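To convert a position in the sequence shown, counted from 1, into my numbering, add 42.
A virtual CB, placed ideally from N, CA and C, is assigned to each residue, including glycine.
Given the structure is predicted, the values throughout are model-derived calculations rather than measurements.
Here the structure comes first, spelled out in structure tokens, and everything after it is commentary.
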Amino acid sequence: MKYLIAGLGNIGEEYRHTRHNIGFDVADAFVAKHNASFDNDRLAEVATCKWKGKTFIVIKPTTYMNLSGRAVKYWMDKEKITIENVLVIMDELALPLDVLRLRPGGSDAGHNGLKSIQESLGSNQYPRLRFGIGNDYPKGRQADFVLSKWKQTEIPVVQQKINACCDIIESFAGIGLARTMNEYNKMIFPL
């Protein structure tokens, strides 16, 4: 059984470890946990991980956030992975920092990466793991906030959540989305 894990973010050193790039950070942690590594390939950095008879194709699109759908669609088609075996991981401004939320589908909620994926797949019914980044910014400064680095005081909870995301990815493949949602849905972490 194959799974496509798409961590969303933007390429470039200036975006490394920013709130908007948390999908890349989760993908990096998952690949490192499984002793694999990324290679540059078409539309994405790609790694293949094996775990308990499952194969994970992990991508970090190199298309920039607002064209993420091109990479997701390409790798789904190339690897012949069905939409229910795709898991997209991204930042979520509408969730507080202490929350992770797993969903089977839904709206893009204004997230440009999700908007692009929905357009490319012709559906909004694909699993996604939303990583709360909070919304502690002055009015009109949303872009600056999502492209900012984590505060030193936030890093411990961010690391806990990244580790939990790796467990959720394995659970998603091991016991399925519905049971994983029952077990992990709307996880709240102590700040």
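Query raised in the report: Is there contact here, the region 153-170 with the region 104-121, by at least three beta-carbon pairs under 8 Å?
Result: yes
**Report entry** Beta-carbon gap between residue 68 and residue 54 smaller than 8 Å
**Finding:** no
Query raised in the report: With contact counted as at least three CB pairs below 8 Å, one residue from each stretch, are the region 88-105 and the region 189-209 in contact?
Result: no
Query raised in the report: Nearest CA to the CA of residue 120: which residue from 218, 210 and 86?
Result: 86
**Report entry** residue 88 - partner residues in DSSP beta bridges
**Finding:** 81 and 101
Report task. Return the Cβ separation of residue 133 and residue 231 in integer angstroms, given the expectation that the two are a contact with Cβ distance under 8 Å. Result -> Between residue 231 and residue 133 the Cβ distance is about 15 Å, and since that is not below 8 Å, they are no contact.
Query raised in the report: To the nearest angstrom, how far is it from the Cα of residue 45 to the Cα of residue 131?
Result: 13 Å
Requested in this report: Determine the burial state of residue 172: buried for a count of at least 16 other Cβ atoms within 10 Å of its Cβ, exposed for fewer.
Outcome: buried
Query raised in the report: By Cβ distance below 8 Å, which residues in the same chain neighbour residue 188 in space, the five residues on each side in sequence not counted?
Result: 60, 61, 62, 133, 135 and 175
Report task. Identify whether residue 96 lies in helix, strand or coil by the three-state DSSP scheme. Result -> strand
Query raised in the report: How would you call residue 234, buried or exposed, if buried means at least 16 neighbouring beta carbons within 10 angstroms?
Result: With the chain represented from 43 up to 233, any question about residue 234 goes unanswered, as that position is not in the structure.
Query raised in the report: What did DSSP end up calling residue 49 once you bin it into helix, strand or coil?
Result: strand
Query - residue 64 classed as buried or exposed, judged by whether at least 16 other C-beta atoms fall within 10 angstroms - result: buried
Query raised in the report: Going by alpha carbons, who is nearest to residue 76 out of 229, 97 and 148?
Result: 97
Query raised in the report: What is the residue span of the beta strand (DSSP E) that residue 132 lies within?
Result: 128-134
**Report entry** Sequence ranges, beta strand (DSSP E) only - wholly within the region 130-178, length at least 3
**Finding:** 141-145 and 170-174
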